[in-house]
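When the letters of the sequence shown are read in order and numbered with this note's numbering, they come out as residues 1039 to 1437.
Encoded as C-alpha cells, the structure appears first; notes follow it.
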Amino acid sequence: MKIGVYGGTFNPPHLGHLISARFAMDALGLDKLIFVPAAVPPHKELPEGSPSAEKRLEMMAIAADTLLLPGKVEVSDMELRREGKSYTADTLRQLRGQYPQDELWLLMGADMFLSLPNWREPETICALAHLAAFARKEGDTEEALERQGSYLSRTYGAKTRVVQLPRITPVSSTQLRELLKRGEGQRYLPLAVYGYILRHGLYGVQADLTALSNEDLRACSLSMVYAKRHAHILGVEEEAVRLAKRWGADQELARRGGILHDCTKYLSLEEHLAICEKYGIVPDELERESPKLLHSKTGAALARNLYGQNDEIYWAIYWHTTGKADMSLLEKIIYLADYIEPNRDFEGVEEMRRLCYEDLDAGLLMGLEMSVEDLNERGVPIHKNTRGALEWLREHRKG
Ligand code: DGI
Ligand code: FE
Ligand code: FE
1039 MKIGVYGGTF NPPHLGHLIS ARFAMDALGL DKLIFVPAAV PPHKELPEGS
1089 PSAEKRLEMM AIAADTLLLP GKVEVSDMEL RREGKSYTAD TLRQLRGQYP
1139 QDELWLLMGA DMFLSLPNWR EPETICALAH LAAFARKEGD TEEALERQGS
1189 YLSRTYGAKT RVVQLPRITP VSSTQLRELL KRGEGQRYLP LAVYGYILRH
1239 GLYGVQADLT ALSNEDLRAC SLSMVYAKRH AHILGVEEEA VRLAKRWGAD
1289 QELARRGGIL HDCTKYLSLE EHLAICEKYG IVPDELERES PKLLHSKTGA
1339 ALARNLYGQN DEIYWAIYWH TTGKADMSLL EKIIYLADYI EPNRDFEGVE
1389 EMRRLCYEDL DAGLLMGLEM SVEDLNERGV PIHKNTRGAL EWLREHRKG
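Right under this line is the structure:
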C-alpha cells in the first residue's frame, strides 16, 4: 500500500491543504493519506491564542471529512499525544512500526522540502519515507526543487517527487488567522471548518450565535454533521424555500428550519439525552432507545436555545421525523422538504414531488403512508406521532 503522510500545525486547516492533499493522492497513486497535526512544530512555537490541540485535531477531522474519501483519508493524533516537540523522524518511526511493509510518502510544501537537511535526523526521514514536494505552476521554485531532489538523493539516498498543484490563490495559515481576526478569509476554508471556528469563537472570530446570517448559520450546521450529509442539508434548505414560496409560508423561516433540521443527527445517545435533560425534553420509551428519533427534538432544542430561532422553527424541526396530528404549514414544509429534496432518490419520488406542489396534504399523506410501509417492512415500531399524523390526515381529508 502507498501511504501519504501530511504533517503540519493546521492552524487552521484550509482549502490549500485539502487541494494539495487531493492532488498528491492522484499524482502518487496513494491508497491512503494520513494527516498528522503537530503538537508543537520543531522550528517555532504556536502563536499565542492558538486553539487547543484537541480543537485543531477536530478541525482537521472536519476538513479531512470534506474530501469524502472515508477509509482512505485519516487524521492521526499521534503527535498530539506525544510529549514535547513534534519531530517528523519520530512520527515516521512510529508509522513504520504500524505499517512495516508499506510505502510511506511524506508530503510537504516547497519551503519545507528546501530546508529538509536542517531537520532533525534527515537521514532517518529519507530512509523511512519517500518525499513529495508541492510545486505551484506559477512559482519559480521548480528548478530549486529539482536541484534539492538530486542533492537529497545523493546525500541520503532519498527518493523524491515533485507534485504539481493547480493555480490556486495561495494563503498561509498565518495570513488566514489575520484575515479571520478581521472577519474575512471564509473563502479559504471549507464551510464546515469555518462553522466550527464560529461556534467556538476561535482566532478572534466573535459571533453571537443567536443572531447569525444565513451563511454563518449554514456553516455552523454543516460543522456539526459528517460531510456526507452536507448535500442533504443544503437540499432541504433549497426545497423548503421553494415549498414556502409555493404555499405562501415565510421563506426565511423555512430556510433556517431546513438549514438546522438535522444538525444533531450524529450525536451519540448520551449527547442527545444530555440536551434533553438540559432543555426539559422528556423522551418516551421508543426515543430512549433510538437516537434516530431523538435528533428532531434535540435539533429543535439547539435551534431555539443555541441559535436563537423562534417557536415556529422550533416546532417544525421538532416534528420533522415523525410528523404529528394537525401540523402547521411550516411543519409540513420541513417534513416534506426532508422527503423530496433534490438528492432524494426512491421509487415514487417524482410522483411525490409533483403532489407536494399540487396538493400539500396529498403529498404529506403519501409521505406518511410510505414511511409507515417502509418501517413495517423493516420491522421497526411505528412511533405514536407518526400514527397520529396519518390518522388525523385520513380523517380530515375525507370529504
Ligand atoms: O434525518 P433524515 O435521515 O433526513 O430523515 P428523518 O428525520 O425522517 O429520519 C429518518 C429516520 O427516522 C429513519 O431512520 C427512520 C426513523 N423514523 C421515522 N419515523 C419513525 C422512525 N423510527 C421509528 N421507530 N418509528 C417511526 O415512526
Ligand atoms: Fe432528520
Ligand atoms: Fe433530513
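Every residue, glycine too, gets a C-beta built ideally from N, C-alpha and C.
Problem - Pro-1204 beta carbon near ligand 1 (any heavy atom closer than 7 angstroms) - result: no
Practice task
Could you spell out the range, first to last residue, of the alpha helix (DSSP H) harbouring Leu-1403?
Solution key: 1398-1415
Exercise for the section: Verify the contact flag: Val-1279, CB atom, against every heavy atom of ligand 3, threshold strictly below 7 angstroms. Expected result: no
Exercise for the section: May I have all residues whose beta carbon comes closer than 7 angstroms to any heavy atom of ligand 1, sorted in chain order? Expected result: His-1270, Asp-1300, Lys-1303, Leu-1324, Ser-1328, Lys-1330, Leu-1331, His-1333, Ser-1334, His-1358, Thr-1359, Thr-1360, Asp-1376, Ser-1409, Leu-1413, Val-1418, Pro-1419, Ile-1420, His-1421 and Thr-1424
Problem - Residue nearest to Thr-1424 in terms of C-alpha spacing, selected from Trp-1157, Ala-1363 and Arg-1134 - result: Ala-1363
Practice task
Quick one: grab the DSSP three-state call for Arg-1293.
Solution key: helix
Exercise for the section: Assign Thr-1207 to buried or exposed, taking buried as 16 or more other Cβ atoms, counted over all protein chains shown, within 10 Å of its Cβ. Expected result: Residue burial annotation: Thr-1207 is exposed, with fewer than 16 other C-beta atoms found within 10 angstroms of its C-beta.
Handout entry: ligand 3 heavy atom lying under 7 angstroms from the CB of Val-1043
Key = no
Practice task
Report whether the distance from the Cβ of Val-1274 to the nearest heavy atom of ligand 3 is below 7 angstroms.
Solution key: yes
Problem - Alpha-carbon to alpha-carbon, Glu-1121 and Leu-1066 - result: C-alpha separation (whole angstroms): 32 angstroms.
Problem - Environment of Ser-1058 [buried if 16+ CB atoms lie within 10 Å] - result: buried
Practice task
State the DSSP-derived secondary structure class of His-1168, mapped to helix, strand or coil.
Solution key: strand
Practice task
Please say whether Val-1274 and Asp-1376 have beta carbons closer to each other than 8 angstroms?
Solution key: yes
Problem - Coil, strand or helix - Tyr-1304 by DSSP - result: coil
Exercise for the section: From the DSSP output, read off the bridge partner residues of Val-1263. Expected result: Answer is none; Val-1263 lacks a bridge partner.
Exercise for the section: For the alpha helix (DSSP H) containing Ile-1100, list its first residue and its last residue. Expected result: 1091-1103
Practice task
Please say whether Val-1263 and Tyr-1234 have beta carbons closer to each other than 8 angstroms?
Solution key: no
Exercise for the section: Look at Ile-1271 and Ile-1313 and say whether their C-beta atoms are less than 8 angstroms apart. Expected result: no
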